[in-house]
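The opening position of the sequence shown corresponds to residue 55 in my numbering, with each subsequent residue numbered one higher.
Beta carbons: idealized from backbone N, C-alpha and C, even for Gly.
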Amino acid sequence: MELTEDAKCDIKETPSREEVESKDETSPCGTDQTKTSVARLLTPEEMEKSSGEQTLVSGFKQMKLEKEAQKNWDLFYKRNTTNFFKDRHWTTREFEELKAYREFESQRLVLLEAGCGVGNCIFPLLEDDLNIFVYACDFSPRAVEFVKRNALYCPERCCAFQCDLTKDDLRTNVPEDGVDVVTLIFVLSAVHPEKMKLALQNISRVLKPGGVVLFRDYGLHDHAMLRFKSGNKLGENFYVRQDGTRSYFFSKEFLAELFEDTGFQTVANDYVLRETVNKKEGICVPRVFLQSKFTKPGPSHGS
Ligand SMILES: C[S@@+](CC[C@H](N)C(=O)[O-])C[C@H]1O[C@@H](n2cnc3c(N)ncnc32)[C@H](O)[C@@H]1O
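Listed below in C-alpha cells is the structure:
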C-alpha cells in the first residue's frame, strides 16, 4: 500500500526507537504480509531523500559506539526492563520447521537463541513445546538476568549465559556440534558489518552438521531505515539510534554472501513486507524484514 501524501509529509523527524519498534506504538494495519524475493522499491520522494544523505558519523564516534555497544544495550534493558519487545509468538508459526528438525517424534530438540534479549522469542517456544532444550545468550548481563528470573525459566529446559557473539567462544557453554537449530532474530543487525562473519563462525561451531539457522531481521528500505537522518548514518545501510544502539538493514544478496562465505548453504531468503500502524502519527508504514534459513552442510535432519 502506498502512503498518502499527508502521511508522507508526516515523516520528518528521526524517530525515537519507541515510535518505530515498541509494542505500544505499532501494530499490524492488516493481517497480511507478503513474501517476495525482490527488494522494496523506493518511491521517488524516498529516493530523493536518501540520495541527499551522505554525511557519516565521524570515525572517532564510530569507534566509541563499537567500544560501548555492550554498555548501550545493557542501558537499553535498564531503561526498558522486559517491557519493550513483544513476545514473538510468530516464531513457532513462521518456523514450523523447528518441529520438522526432529529425527523422531520424541526427540528433544536443542536450540540456541543467539542474542536472546529478555527472552521474547524463547519463552513462547518453551510454552508451546515441552520437548525442547534452549541455550540462550546475550551480551547484555541485564538481559540475561531477566531471562533467568522469568517464571518459565528452569535449568532442566534452559541455559542462559552472557556472551559477545563476535568475541566469546560459544563452546564454553554449548557443546560443539551440539545444537539442532539456531535462531538469530533481530540480532545480527546490531552487530558491526565487519564483525558479522565472526558471529556466524562462532555459531557454526556449535551447530550440528545438517542443523539450521533461522534468521529474521530488518530488511533493506524498511520504514525504520528511511526515517534515519544523515547524522545517524554509520555506513551503507548502517545507522545509529538515539540510544547508541545500531541497526543494519539487510539486502538478501548481502546476507546470502555472508552466510555462504562462512560455509552455510542458503535454503530460503526472502523479504517479508507488511504494513504497521504508527499510533502516534496515525499512519500506516511499510515494514520490510528479511526472513531466511541457512544450513550447515552435513547429514540432513528429519529425513
Ligand atoms: C533487538 S534485540 C532482539 C532480542 C531477541 N532476539 C528477540 O527476538 O526479542 C537484539 C539483541 O542482540 C543483543 N546483541 C547485540 N550484539 C550482540 C553481540 N555481539 N553478542 C550477543 N548479543 C548481542 C542485544 O543485547 C539485544 O538483546
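#1: Taking the beta carbon of A205 as the centre, do at least 16 other beta carbons fall within 10 Å, making it buried, or is it exposed?
#2: Rounding to the nearest angstrom, what Cα-Cα distance links V92 and P340 in this structure?
#3: Are the region 153 to 169 and the region 331 to 351 touching by the rule of at least three beta carbon pairs closer than 8 Å?
#4: Only counting the same chain, and skipping five residues up and downstream in sequence, which positions put a Cβ closer than 6 Å to that of G352?
#5: Which value, in whole angstroms, describes the spacing of the CA atoms of K306 and G285?
#6: Secondary structure at F343, three-state DSSP: helix, strand or coil?
#7: CA-CA distance, Q216 and P209?
#8: Return yes when the C-beta of E199 is under 7 Å from any heavy atom of ligand 1, and no when it is not.
#9: Looking at the unbroken alpha helix (DSSP H) that takes in N256, where does it start and where does it end?
#10: In terms of alpha-carbon separation, which member of V236, S105, M250, S243 lies closest to T349?
#11: Inspect the CB distances between the region 276 to 293 and the region 210 to 230 and report whether three or more fall short of 8 Å.
#12: Expressed to the nearest angstrom, what Euclidean distance is found between the alpha-carbon atoms of F114 and Y131?
#13: Say whether the region 117 to 135 touches the region 183 to 195, bearing in mind that this needs 3 or more beta-carbon pairs closer than 8 Å, one atom from each stretch.
#14: For I239, is the beta carbon positioned less than 7 Å from some heavy atom of ligand 1?
#15: So is the beta-carbon of N256 under 7 Å away from any non-hydrogen atom of ligand 1?
#16: Quick check: the Cα distance between S243 and K118, rounded to an integer number of angstroms?
#17: Restricting to runs no shorter than 4 residues, where is the alpha helix (DSSP H) found entirely within the region 305 to 352?
#18: Measuring alpha carbon to alpha carbon, tell me which residue in I337, A322, L288, G317 is nearest E120.
According to the structure data:
#1: For the purposes of this step, residue 205 is identified with residue 151 of the sequence shown, where counting begins at 1. Flag for A205 reads exposed.
#2: As a working mapping, residue 92 is identified with position 38 in the sequence shown. As a working mapping, residue 340 is identified with position 286 in the sequence shown. Rounded to whole angstroms, the separation of the alpha carbons of P340 and V92 is 15 Å.
#3: Taking 8 Å as the limit for Cβ pairs, the verdict is that the region 331 to 351 does not touch the region 153 to 169.
#4: The residue labelled residue 352 in the question sits at position 298 within the sequence shown. So the qualifying residues of the chain are P263, G264.
#5: Here residue 306 refers to the residue found at position 252 of the sequence shown. Here residue 285 refers to the residue found at position 231 of the sequence shown. Near 26 Å, if we compare the C-alpha coordinates of G285 and K306.
#6: For the purposes of this step, residue 343 is identified with residue 289 of the sequence shown, where counting begins at 1. Residue state, collapsed to three classes: strand.
#7: The residue you call residue 216 lines up with position 162 of the sequence shown. The residue you call residue 209 lines up with position 155 of the sequence shown. So the two alpha carbons sit approximately 15 Å from each other.
#8: Within the sequence shown, residue 199 is the residue found at index 145, counting from 1. No.
#9: Stepping through the sequence shown from its first residue, residue 256 is reached at position 202. That run of the alpha helix (DSSP H) goes 250 to 260.
#10: By 1-based counting over the sequence shown, the position of residue 349 is 295. When only C-alpha atoms are compared, the closest one is V236.
#11: Touching, no, given that fewer than three Cβ pairs across the two stretches are closer than 8 Å.
#12: Walking along the sequence shown from the start, residue 114 turns up at place 60. Walking along the sequence shown from the start, residue 131 turns up at place 77. Approximately 25 Å between the Cα atoms of the pair.
#13: Two segments are said to touch when three or more pairs of C-beta atoms, one from each, lie closer than 8 Å; by this definition the region 117 to 135 touches the region 183 to 195.
#14: As a working mapping, residue 239 is identified with position 185 in the sequence shown. Correct: I239 has its Cβ closer than 7 Å to ligand 1.
#15: Locating residue 256 in the sequence shown gives position 202, counting from the first residue. Not so, every heavy atom of ligand 1 lies at least 7 Å from the Cβ.
#16: Here residue 243 refers to the residue found at position 189 when the sequence shown is read from its first residue. Here residue 118 refers to the residue found at position 64 when the sequence shown is read from its first residue. If I take the Cα positions, the gap works out to 18 Å.
#17: 306 to 315
#18: Locating residue 120 in the sequence shown gives position 66, where the first residue counts as 1. Ranking the options by Cα distance to E120, first place goes to L288.
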